[in-house]
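Participant:
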Amino acid sequence: MEEPSMSHEPTFQEIVSTLKQERDELALKMHLAGAEAKQEWEGLRGKLDSLLASYDPARTAATESAGKVGDAMKSVANEIKEGFQRIRQAL
Numbered sequence: 001m002e003e004p005s006m007s008h009e010p011t012f013q014e015i016v017s018t019l020k021q022e023r024d025e026l027a028l029k030m031h032l033a034g035a036e037a038k039q040e041w042e043g044l045r046g047k048l049d050s051l052l053a054s055y056d057p058a059r060t061a062a063t064e065s066a067g068k069v070g071d072a073m074k075s076v077a078n079e080i081k082e083g084f085q086r087i088r089q090a091l
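According to this note's numbering, the sequence shown is numbered sequentially starting from 1.
Structure representation (structure tokens):
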């Protein structure tokens, strides 16, 4: 079996760090947002919490399915990022 490439890890760590920073910045602005943006915010915040909770265990288990897990997590991270962009535009 092929060894997983760890070259994706720093990039994903940067993505997670950026998402955390965006989350914190947007949280400060949410009290001014409309109900629709708040509803989307709650859903995205939950997804990010789930992503963060599964990141370390997934990284540890990556020896067998690094590509699939990494792709799935990047997909969720991109979905969160796009949602943050929609909220930022709505504010």
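All residues carry an ideal CB built from backbone N, CA and C; glycine is no exception. The structure presented is a predicted model; accordingly, all values stated were derived computationally and were not measured.
Mind checking A35: buried by the 16 CB within 10 Å criterion, or exposed?
Facilitator: exposed
Participant: By the DSSP assignment, the alpha helix (DSSP H) with G46 in it spans what residues?
Facilitator: A35 to T60
Participant: Following a CB-centred definition, is Q13 positioned closer than 7 Å to any heavy atom of the ligand FMN?
Facilitator: Although the ligand FMN was asked about, the structure shown includes no ligands whatsoever.
Participant: Going by the beta-carbon positions, is the gap between L51 and M73 smaller than 8 Å?
Facilitator: yes
Participant: I80 and K47: beta carbons closer than 8 Å?
Facilitator: yes
Participant: Using beta-carbon positions only, say whether G83 and L44 come within less than 8 Å of one another.
Facilitator: yes
Participant: Beta-carbon within less than 8 Å of A90's beta-carbon, same chain only, minus the 5 sequence neighbours each way: which residues are those?
Facilitator: A33, G34, E36 and A37.
Participant: Quick check on DSSP: helix, strand or coil for L32?
Facilitator: helix
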